[in-house]
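Undergrad: Supplied in structure tokens, the structure appears directly below.
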């Protein structure tokens, strides 16, 4: 039988098989959902309940569609949102009084757009904002008062904007944040009192941050489950934060649910497995007394089942059901009102085109009254999750306005959105195997397609080979052998070398992997493109290379100009990265992790130091001239070729690449002097900078632009801390590495390596001292008397040392934290410490590194604080300042705990007795009267204050306050425990005659 006959027979067989399977009797089914026309199921699709109706957002070729869908699936109204620029819809949120907030990205990269519609689709306001660096509106959230918070991703990697619009759409503020490497923020949630929650992924971990109403990052934490997690949704409960997503590994995908306390501590973590499918949770929704998880169980051919899990508040599964949709089903979004759940999904109505479909079901009817649901083997187990404090996000005041109001007109018009059919979901009976499902039809078609493709491919292969066998082809010499590379290889060298592989070609030379015919040794052979004039100096320039023998330098075996110029070098195999062989540092993905960057730069520096010890300078050090071994050992190559490579024969692109890694003295020796070892050190700094940040300090689209950036007096290199706060410790090192004047740079490679070792040593010492501080704090909680005084001195000493270490590492945020703690231990120098904190905050905003003079001033201040604490604890206690008419007494809280001073007591109606202490010598008036006013304010706002304390401290129940401290018109709140009175982090303050509650930084 010929190939054509086989093909025809296979095709007929496939059609018959498909028709037979489709003709089998099917179980009775009824429509469960409706599909809608013209909406792209591969783009963003969102749904939100407004009353009993669903609002749907989707994208079309014309623009963005916002539609209201009635209870039975009919279209109540639909609107098209567009402008002269392309609009992409990204977010949908429910506003107050049945209003709708929608928004997205201006498709050409101009900025973002946000619109507010009433429940009938009428426009209340529209806003478009252009951003010099803005790209994408990632998410939006509406606060209870109607304020809108938006999360915008910038073009600069790992940088974001947060905007706030008031209920009328007016821009209140915009904050810019700089994240660390591999950060991807996905969600923003409006909380009480103007606070917001940000969540996303940091690499393969979950990342969550709490932002205050003033834009300050209150805390940031990273959560990991091996081998990797992916965030999909966030919800806020009365007592915590819910994260939902998936855990991904080579063995499959599991659903993930994590609950955090208000302070970010993990309350529980659970994973959910579906037998025979990859299960991912796409949405988590708060029910009346439970959690509703909606996800997709993906099977063969991207066929997905809709999964609905109802769990209790701890994540334990109460009920679950699977809805088997036609081929290609995938959950896009979901929303809940009462007991009615609507799921937006991608699903096929026929075999060639998917549609956006809304599936509506009653979760209250689960499990008994859902005739078309089926049960599958889904299990949930507790998961082990790691938590780490991580300053992955920092407030970064922009140098230019981050958002600019744009006058682009937003057009809202009627749009024809129609129901195009009903999707049939498998019933429980249909899943028993007695009837045919869509998956069976697809399987038949798939098997048929495989058969047809196999025969078709076999016929083509035979045709290409002319019907010859593999051995016949081999005899004809048609296979791709290394010998083919001899077409590029110089014929004059074929007697000495056997070419094995063509490795590449640059602006200066071709490179081959070869085998020496005399001994079979494998080497790399570089054939430079040089003219007769240049070849005369060729051997002179490379002769020094022959004397370099170091593990981080490529060994040069031989060099000659006859019969043609060539260099025989050590062969460096490279490393496999994402299926691609990478042979040099230029092709290696950047930025790299800090640990890997240090390993690489130490190796390169070690090779340089060896060469410099022999008086040999490279002068063309760039990533392309650093080869990589299989174990990532860096090896510097192309020594002495800088002058040869400067030949006019070198292409402009290669010359521009070298310019990017040039030192100022190479571009303008008349001003900066000649080249020497410090030129290599400058280029070493450029490589180190790029490894850590993924960028070069100076870039340009032309030779002129590059030179202008390098030599411009006003051009300033952004410190590594601009890209990540964790890199702040290297800011000072780069000030010396990349100094334009050679005299201001490191004078030797050894000096640079010494500073690297110093940073590493300081970092280790800081980690050790922080562990000691935590140990001391814990011990102090259960200690009193003389031992407590001794521990207080020790804590002051430890905090002072920690502050200095943070300063030496240029870690301003860490230094501020250490000073905040020390401020609570000092009374005499509290104002000076507060001044130092304000100065550091200014330095953070301006990007100013901590210099030697600042460290010297800090050391003097810390010594004074240590002397103050030592004198107090040695003498017994600080003498309380007394006011006329007040006789201080001493009380013991909790029955046997630490002794506390008391100036008086008052009885608060409806609350009970309250002690007070006056620590303000200049306080005027009756403390009982003032305290009574403050307590009245506290009782009036108690619920709000308690919620703030819960969120900041993570306590589930706020203890009853029994003590207040009056100091500088502020009232600190204390609760009684067995060790005395514990400050819980908030105080009531009077400003301009008005009382308010704020966070107590002294806590």
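Residue numbers (the working numbering): 7 to 1009.
All C-beta atoms, glycine included, are put in the ideal place defined by N, C-alpha and C.
If you measure between the beta carbons of residue 117 and residue 129, is that distance less than 8 Å?
TA: No, the Cβ-Cβ distance between residue 117 and residue 129 is not below 8 Å.
Undergrad: Which word fits residue 232, buried or exposed, when buried means at least 16 other C-beta atoms lie within 10 angstroms of its C-beta?
TA: exposed
Undergrad: Helix, strand or coil, according to DSSP, for residue 869 in the structure here?
TA: helix
Undergrad: Using CA coordinates, which residue listed in 301, 318, 316, 317 is at the minimum distance from residue 310?
TA: 301
Undergrad: Compute the Euclidean distance between the alpha carbons of residue 251 and residue 277, then round it to the nearest angstrom.
TA: Residue 251 and residue 277 have their alpha carbons spaced roughly 9 Å apart.
Undergrad: With DSSP collapsed to three states, give me the class of residue 528.
TA: strand
Undergrad: Might you give, ordered along the chain, the residues of its own chain that have their beta carbon closer than 8 Å to the beta carbon of residue 639, omitting 5 neighbours on each side?
TA: 557, 558, 609
Undergrad: Please state whether DSSP places residue 51 in a helix, a strand or coil.
TA: coil
Undergrad: Use the C-beta contact count for residue 207: other C-beta atoms within 10 angstroms, 16 or more gives buried, fewer gives exposed.
TA: Residue 207 should be labelled buried.
Undergrad: Just to confirm the assignment, what range does the alpha helix (DSSP H) spanning residue 676 have?
TA: Its alpha helix (DSSP H) spans residues 675-678.
Undergrad: Could you give the distance in angstroms between the alpha-carbon of residue 675 and the alpha-carbon of residue 598?
TA: 33 Å
Undergrad: What are the boundary residues of the beta strand (DSSP E) that residue 42 is part of?
TA: 39-42
Undergrad: With a threshold of 8 Å, are at least 3 pairs of Cβ atoms found where one atom belongs to the segment 731-749 and the other to the segment 797-816?
TA: yes
Undergrad: Counting only the same chain and skipping the five closest in sequence on each side, list residues whose C-beta sits under 6 Å from that of residue 36.
TA: The pLDDT assigned to residue 36 is 42, lower than 50, so where the model puts this residue is not dependable, and the model offers no usable value.
Undergrad: For the 8 Å Cβ check, are there 3 or more pairs between the segment 183-191 and the segment 748-766?
TA: no
Undergrad: What number of angstroms, rounded off, separates the C-alpha of residue 315 from the C-alpha of residue 340?
TA: For the pair residue 315 and residue 340, the Cα-to-Cα distance works out to about 13 Å.
Undergrad: For residue 520, which residues in the same chain have their Cβ closer than 7 Å to its Cβ, ignoring the five residues on either side in sequence?
TA: 503, 504, 505, 506, 529, 531
Undergrad: What do you reckon, are the CB atoms on residue 70 and residue 63 nearer than 8 Å?
TA: Judged by their CB atoms, residue 70 and residue 63 are nearer to each other than the 8 Å cut-off.
Undergrad: Return the CA-CA distance between residue 684 and residue 698, expressed in angstroms with no decimal places.
TA: 21 Å
Undergrad: Who does residue 179 pair with in a DSSP beta bridge?
TA: 170
Undergrad: Could you pull out every residue in the same chain whose Cβ sits closer than 6 Å to the Cβ of residue 280, ignoring the five residues on either side in sequence?
TA: Close CB contacts of residue 280 within its chain, under the 6 Å cut and outside five residues either way in sequence, are with 303, 384 (chain order).
Undergrad: Check whether the Cβ atoms of residue 426 and residue 42 sit closer than 8 Å, and answer yes or no.
TA: yes
Undergrad: The beta strand (DSSP E) spanning residue 687 covers which residue range?
TA: First-last for residue 687: 683-699, but that is the alpha helix (DSSP H), not the beta strand (DSSP E).
Undergrad: Please classify residue 320: is it buried, with 16 or more other beta-carbons within 10 angstroms of its beta-carbon, or exposed?
TA: Residue 320 sits exposed, since fewer than 16 C-beta atoms from the chains shown fall within 10 Å of its C-beta.
Undergrad: Look up residue 287 in the DSSP assignment and say whether it is helix, strand or coil.
TA: strand
Undergrad: Give me the residue from 768, 604, 758, 805 with the minimum Cα distance to residue 781.
TA: 805
Undergrad: Counting Cβ pairs, one atom from each stretch, are 3 or more of them under 8 Å apart for the segment 388-406 and the segment 140-150?
TA: Short answer: they don't touch.
Undergrad: Roughly how many whole angstroms lie between the Cα atoms of residue 409 and residue 168?
TA: 10 Å
Undergrad: Cβ atoms of residue 579 and residue 561: under 8 Å apart, would you say?
TA: no
Undergrad: Please report the residue range of the alpha helix (DSSP H) in which residue 758 lies.
TA: 755-786
Undergrad: When DSSP labels each residue in this structure, what does residue 522 get in the three-state scheme?
TA: strand
Undergrad: Would you mind giving the Cβ-Cβ distance between residue 569 and residue 533, rounded to the nearest angstrom? I have them listed as a contact below 8 Å.
TA: The Cβ separation is near 11 Å, so there is no contact.
Undergrad: Give the straight-line distance between the Cα atoms of residue 836 and residue 798, rounded to the nearest whole angstrom.
TA: 17 Å
Undergrad: Between the Cα of residue 322 and those of 387, 793, 590, spot the shortest distance and give me the residue it belongs to.
TA: 387
Undergrad: By alpha-carbon positions, which one of 625, 629, 605 ends up nearest to residue 637?
TA: 605
Undergrad: Could you check if residue 737 belongs to the surroundings of the ligand ADP, using beta carbon to heavy atom distance under 7 Å?
TA: Absence of the ligand ADP is noted for the structure shown, with no ligands found whatsoever.
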